[in-house]
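In my numbering, the protein residues as written are 10 to 275.
The beta-carbon is built from N, C-alpha and C at its ideal position, and this holds for glycine as well.
Only one structure is covered here, and it is reproduced in the block below.
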């Protein structure tokens, strides 16, 4: 009886120590993030994005200041927290980045074919990331409230939901493998639960974000692309319906979460 009690006490001590370490690790991570947030390099990308938005270029020598992001031509504030959404003029659901590309082509006459072909750090693709960073910053602190009225938006949400839970690849992973439960973590990195409403602001509501580990500005398109890479899935093309559908699913689930983008990540 005494041995049993001693064994139980030892187990309790081990659990208590592990719990204490968990608390200390979480506190340390939060302190680390707070220190990084002071002087976020994303501000440099914001400045570049705003400049590109106002700059006249392309065959039509036009700026993007008449680009309609969903709230009327040229209206930026509040647009980010209502994307993705259905755009009647394009006849499809678009996220922020695919809409920017559409405006580049329609308003400026730019050849946007290179956007899908180049890396995220070069050419027009890098410009799109910078513009998306600035647009996101103009809605910082606002709650997400994606429109969910058209059949196209509802269909895209359902497609995104299926993709989120679809398992496959050599590791038999899905998005849900990491992001469908509370309190999960990998390598001291919190894994937000993206299936709930309101969603976790650490997840969908924090991208675009500056990645300290590689000194790069990552958009949501890039974040999703890298998730597919880590799952060993074929990586989707820039602005594909796959990435937009996933964003629609996460964005609707994030309703009420305050926009933290552009954030800073490890």
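Legend entry - Status (buried if at least 16 other CB within 10 Å, exposed otherwise) for residue 232: Here residue 232 refers to the residue found at position 223 when the chain shown is read from its first residue. Looking at its Cβ environment, which holds 16 or more other Cβ atoms inside 10 Å, residue 232 is buried.
Legend entry - DSSP three-state assignment for residue 143, whether helix, strand or coil: Within the chain shown, the letter at position 134 stands for residue 143. Three-state result, residue 143: helix.
Inset, instruction - May I ask you to report which of helix, strand or coil DSSP gives residue 119? - result: Indexing the chain shown from 1 puts residue 119 at position 110. DSSP places residue 119 in coil when its eight states are reduced to three.
Legend entry - Euclidean distance between Cα positions of residue 223 and residue 128: Working through the chain shown from its first residue, we reach residue 223 at position 214. Working through the chain shown from its first residue, we reach residue 128 at position 119. About 15 Å.
Inset, instruction - Would you identify the three-state DSSP class for residue 153, choosing helix, strand or coil? - result: As a first step, residue 153 is located in the chain shown; it is residue number 144 there, counting from the start. In the structure shown, residue 153 sits in coil (DSSP, three-state: anything other than H, G, I, E or B).
Inset, instruction - Indicate the three-state DSSP secondary structure (helix, strand or coil) for residue 102 in the structure shown. - result: Mapped onto the chain shown, residue 102 falls at position 93. Residue 102 falls in the strand class under three-state DSSP.
Legend entry - Spatial distance of residue 137 from residue 220 (CA atoms): Taking the chain shown and counting its residues from 1, one reaches residue 137 at position 128. Taking the chain shown and counting its residues from 1, one reaches residue 220 at position 211. Between residue 137 and residue 220, the C-alpha separation is close to 17 Å.
Inset, instruction - Report all residues from its chain with a CB closer than 6 Å to the CB of residue 54; omit the five preceding and five following residues, and keep chain order. - result: For the purposes of this step, residue 54 is taken as the residue at position 45 of the chain shown. Cβ within range, chain order: 139, 142 and 226.
Legend entry - Paired residues, beta bridge with residue 95 - DSSP: Here residue 95 is taken as the residue at index 86 of the chain shown, counted from 1. Paired residue(s): 102.
Inset, instruction - Classify residue 226 as helix, strand or coil using the three-state DSSP reduction. - result: Working through the chain shown from its first residue, we reach residue 226 at position 217. Strand.
Inset, instruction - Taking all protein chains shown into account, decide if residue 79 is buried (16 or more other Cβ within 10 angstroms of its Cβ) or exposed. - result: One-based indexing of the chain shown puts residue 79 at position 70. That one is buried.
Inset, instruction - Figure out for me which residue from 62, 191, 230 and 91 has the closest Cα to the Cα of residue 151. - result: Your numbering for residue 151 matches position 142 in the chain shown. Looking at the Cα atoms, 91 is the closest of the given residues.
Legend entry - Close-in-space but distant-in-sequence residues of the same chain around residue 15 (CB under 6 Å, 5 per side omitted): Here the question's residue 15 lines up with position 6 in the chain shown. At residue 15, the pLDDT of 44 sits below 50, so the modelled position is not reliable; the number obtained from the coordinates is stated separately. Here the set comprises nothing.
Inset, instruction - In the DSSP assignment, find the alpha helix (DSSP H) that holds residue 193 and state where it starts and stops. - result: Walking along the chain shown from the start, residue 193 turns up at place 184. First-last for residue 193: 193-195, but that is the beta strand (DSSP E), not the alpha helix (DSSP H).
Inset, instruction - Within the same chain, show all residues whose beta-carbon is closer than 7 Å to that of residue 240, passing over the 5 residues directly before and after it, in chain order. - result: Position 231 of the chain shown, counted from the start, is the residue given in the question as residue 240. For residue 240, where only same-chain residues beyond five positions count, the Cβ hits under 7 Å are 178, 180 and 182.
Legend entry - Inter-residue spacing [alpha-carbon to alpha-carbon] between residue 273 and residue 228: Taking the chain shown and counting its residues from 1, the one referred to as residue 273 is at position 264. Taking the chain shown and counting its residues from 1, the one referred to as residue 228 is at position 219. Roughly 12 Å separates the two Cα atoms.
Legend entry - Extent of the continuous alpha helix (DSSP H) run through residue 254: Taking the first residue of the chain shown as 1, we reach residue 254 at position 245. Taken as a continuous stretch (DSSP letters only), the alpha helix (DSSP H) holding residue 254 covers 250-262.
Legend entry - Which of helix, strand or coil DSSP assigns to residue 131: Taking the chain shown and counting its residues from 1, one reaches residue 131 at position 122. Of the three classes helix, strand and coil, the one that applies to residue 131 here is coil, per DSSP.
Inset, instruction - Please list, in chain order, all residues of the same chain as residue 157 whose beta carbon is under 8 Å from its beta carbon, the five residues on each side excluded. - result: Reading the chain shown from its first residue, position 148 is the one you call residue 157. 163, 166 and 261, listed in sequence order.
Legend entry - Integer Cβ distance of residue 116 from residue 144, believed to fall under 8 Å: If you number the chain shown from 1, residue 116 lands on position 107. If you number the chain shown from 1, residue 144 lands on position 135. Rounded, the Cβ-Cβ distance is 15 Å, inconsistent with contact.
Inset, instruction - Indicate whether residue 73 and residue 112 have their beta-carbon atoms separated by less than 7 Å. - result: Here residue 73 refers to the residue found at position 64 when the chain shown is read from its first residue. Here residue 112 refers to the residue found at position 103 when the chain shown is read from its first residue. Contact: yes.
Legend entry - Cut-off 7 Å between Cβ atoms - residues of its own chain near residue 107, not counting five sequence neighbours on either side: The residue labelled residue 107 in the question sits at position 98 within the chain shown. Within the same chain, residue 107 has close Cβ partners 248 and 253.
Legend entry - residue 93 versus residue 83: straight-line alpha-carbon distance, rounded: Counting from one through the chain shown, the residue named residue 93 turns up at place 84. Counting from one through the chain shown, the residue named residue 83 turns up at place 74. Residue 93 and residue 83: Cα-Cα distance of roughly 17 Å.
Inset, instruction - Decide if residue 259 is buried, meaning its Cβ has at least 16 other Cβ atoms within 10 Å, or exposed. - result: Within the chain shown, numbered from 1, the residue matching residue 259 stands at position 250. So residue 259 counts as buried.
Legend entry - First and last residue of the uninterrupted beta strand (DSSP E) at residue 272: To locate residue 272, count along the chain shown from 1; it is residue 263. 272-274 is the extent of the beta strand (DSSP E) around residue 272.
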